[in-house]
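Engineer: Quick one: the structure is below, questions incoming.
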Amino acid sequence: MRRVCIFAISKSSNEGFVIIYLIGNSNFQRMKVKNYEAVFIISPVLSEEQIKEAVDKFSSLLKDSGADVYHSEDWGLRKLAYPIEKKSTGFYQLFEFKASPEVIAKFELELKRDERVLRFLTVSLDKYGVEYNERRRNGLGKKSETKTEEVA
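Under numbering that gives the first Met the number 0, residues 0 to 151 are what the sequence shown spells out, in order.
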C-alpha cells in the first residue's frame, strides 16, 4: 500500500510569509537508512600526508552528515586497468557506512569536486552484501584450503 503526502504552499497577504500545510496522511516517514559501500581512487602523485588528509576529509564529511562509518580499509597503491588522467596507478580506499540517501548525494558531490580523486563508486548493499562484508572482515570469506593426500 502506497501512502501519498501532498504539500500545499500558501502566502499570507498581510504578513508576507509562507505557510506549509500537510494534506492527507500525517504519517510522513523519513527516508530509510541503508548500508553503503564506497570505493574511491586517489591520485598517486600525492604524499602519504595528503592521502591521509583526503581520506580524513571524506570520513569526517560522512560523519558530520549523520552517517555511521563502521569500516574503513586502505587498499594501498594498485595498478589501474586503464590510464586515468595519464596515471596508471592509484591509491584505493574503501568505506562501509550506514546513511540516508541525502547523505550520498552530498558525499558524491564532494568526491566529484575534489581534484585528488580519480574515480569513485558508491553502491547500496543488500542483506547478502552486508553479510559477505562481515565475513570478509572476519577472515571467513575465503574458501578453506583442503589438503589432498598423495597415495603412493
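Note that CB positions come from ideal geometry on N, CA and C, so glycine has one too.
These numbers come from a predicted model, not from an experiment.
Which of the three DSSP states is assigned to Ser71 in this structure?
Structural biologist: In the structure shown, Ser71 sits in a strand (DSSP, three-state: E or B).
Engineer: Checking 8 Å against the spacing of the C-beta atoms, do Gly55 and Lys97 come in under that value?
Structural biologist: Residue identity check: residue 55 is Asp in the sequence provided, not Gly. Result no, Cβ atoms of Asp55 and Lys97 do not sit closer than 8 Å.
Engineer: Restricting to Cα atoms, I'd like to know which of Tyr127, Glu133, Asn137 and Leu117 is closest to Val38.
Structural biologist: Comparing Cα positions, the closest option is Leu117.
Engineer: Using only the alpha-carbon positions, how far apart do Val44 and Arg134 sit?
Structural biologist: Taking the straight line from one Cα to the other gives about 34 Å.
Engineer: Just checking my contact of Phe106 with Leu61 at CB under 8 Å: how many whole Å lie between their CB atoms?
Structural biologist: Indeed they touch by this definition, with Cβ atoms about 6 Å apart.
Engineer: Give me the residue from Arg115, Ala53 and Glu95 with the minimum Cα distance to Tyr131.
Structural biologist: Checked all of Arg115, Ala53 and Glu95; the closest Cα to Tyr131 is Glu95.
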